[in-house]
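Numbering (numbering that gives the first Met the number 0), first residue to last: 0 to 246. Ideal placement from N, C-alpha and C gives every residue a C-beta, glycine not left out. Bear in mind the structure is a predicted one, so any value in this text is a computation, not a measurement. Quick notes on the structure that follows.
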Amino acid sequence: MLRTPTGGAGSGTATAGDRLVSIGTVLNQLRDEFPEVTISKIRFLEAEGLVEPRRTASGYRKFSPQDVERLAQILRMQRDHYLPLKVIREHLDALARGEQVSLPAPGRRGELLDGPWEQDGEPPTAARIGRAELLAAAEVTEAELAEWEAFGLLAEVRGGGYDAEAVTVARLVADLGRFGLEPRHLRGVKAAADREAGLLEQMVAPLRRHRNPQTRAHAEATAKELAELSVRLHAAFVQTALGIRLQ
0 MLRTPTGGAG SGTATAGDRL VSIGTVLNQL RDEFPEVTIS KIRFLEAEGL
50 VEPRRTASGY RKFSPQDVER LAQILRMQRD HYLPLKVIRE HLDALARGEQ
100 VSLPAPGRRG ELLDGPWEQD GEPPTAARIG RAELLAAAEV TEAELAEWEA
150 FGLLAEVRGG GYDAEAVTVA RLVADLGRFG LEPRHLRGVK AAADREAGLL
200 EQMVAPLRRH RNPQTRAHAE ATAKELAELS VRLHAAFVQT ALGIRLQ
């Protein structure tokens with residue numbers, strides 16, 4: 000049974016009697032139950048607005064006991080119920096309002112990423128679209144798509160068709176083209192993304208090969224988190240290189 004949080008995402012507004020601790024101390028407190036948790040994971044959950052620790056005058060994070068308990072609840076919902084962060088946030092907000100929350104039974108998959116998981120321990124087949132659907136959804140021509148494929152920016156998946164991300168890729172390539180960036184300019188970006196994906200895959204591959212279906216599910220959640228952090232890092236690198244002040 001989940002305990003009702005004593006505060007929402009802004010539970011960092013601790014009372015004077017609360018003992019505030021550093022992120023390193025929080026990590027040590029959580030690792031007894033969650034041995035795979037990392038400081039990066041805690042920072043990621045903060046960046047997603049799921050917990051808001053206090054900050055010292057010099058910018059250091061300070062966590063209250065309520066923050067630590069909230070983090071534990073989040074990690075339990077991910078580990079035991081396979082819930083995406085959006086759903087976890089909704090559940091915590093409902094608990095803070097005193098509402099009852101219904102969770103999937105432990106050991107069975109709830110929603111992970113953007114859709115339900117099958118109970119046989121394997122993720123569902125990703126949605127695919129045909130070539131005509133891709134052209135219509137991205138509002139591009141056959142000639143443009145053929146050129147992008149020739150430069151390796153887009154490709155059909157095994158078995159035919161395109162994955163859902165192909166629409167996003169096509170739209171972005173088209174938008175960049177209006178600024179004068181041609182497909183030949185973007186080959187390096189695609190190559191870098193492939194290398195990055197390979198690195199992240201190496202990190203989760205041992206979990207994906209595990210016989211325990213719960214461990215394999217954790218691998219998918221970890222891959223998604225790593226991808227989100229990687230995208231943010233890439234954006235920060237680009238902005239820094241351009242001399243743009245980060246928001």
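Give the C-beta separation of residue i and residue j to the nearest angstrom, bearing in mind that I take them to be a contact with Cβ-Cβ under 8 Å.
i    : j    : result
V168 : A136 : Incorrect: roughly 11 Å between the Cβ atoms, too far for contact.
L26  : V36  : 7 Å
L44  : L70  : 7 Å
L206 : A218 : 3 Å
Q203 : A226 : The sequence shown places Val at residue 203, rather than the Gln named in the question. Not quite, the Cβ-Cβ distance comes to about 10 Å (not below 8 Å), so this is no contact.
P52  : D66  : 5 Å
E148 : A154 : 6 Å
Relative to the C-alpha of residue i, which residue among the options is closest?
i    : options                   : result
K85  : R60, A46 and R30          : A46
T55  : A220, G160 and L19        : L19
R130 : G159, R231 and L152       : G159
G23  : F150, G58, V156 and I38   : I38
A216 : H90, F150 and Q77         : Q77
L152 : E89, Q201, A235 and A192  : A192
Y161 : I73, K189 and L144        : L144
D79  : S63, T214 and F236        : T214
R183 : A142, F150 and R208       : F150
N82  : R231, A220, H233 and V237 : Just to set this straight, residue 82 is Leu in the shown sequence, not Asn. L82 has its Cα closest to that of A220, out of R231, A220, H233 and V237.
Y59  : Q72, R42 and L185         : R42
L198 : R208, S229, R186 and R177 : S229
R186 : L29, Q238, E146 and E224  : E146
V188 : V237, L94 and R88         : V237
For the alpha helix (DSSP H) holding residue i, just list the boundary residues, first then last.
i    : result
A216 : P212 to A240
P205 : P182 to R207
S39  : I38 to A46
Per DSSP, which one or two residues make a beta bridge with residue i?
i    : result
Y59  : According to DSSP, which records beta bridges pairwise, Y59 is partnered with nothing at all.
Y81  : DSSP output for Y81 lists no bridge partner at all.
R53  : K61
V139 : DSSP output for V139 lists no bridge partner at all.
D31  : D31 is not bridged to any residue.
D162 : R127
V156 : The partner list for V156 (beta bridge, DSSP) is empty, contrary to what the question assumes.
V20  : F62
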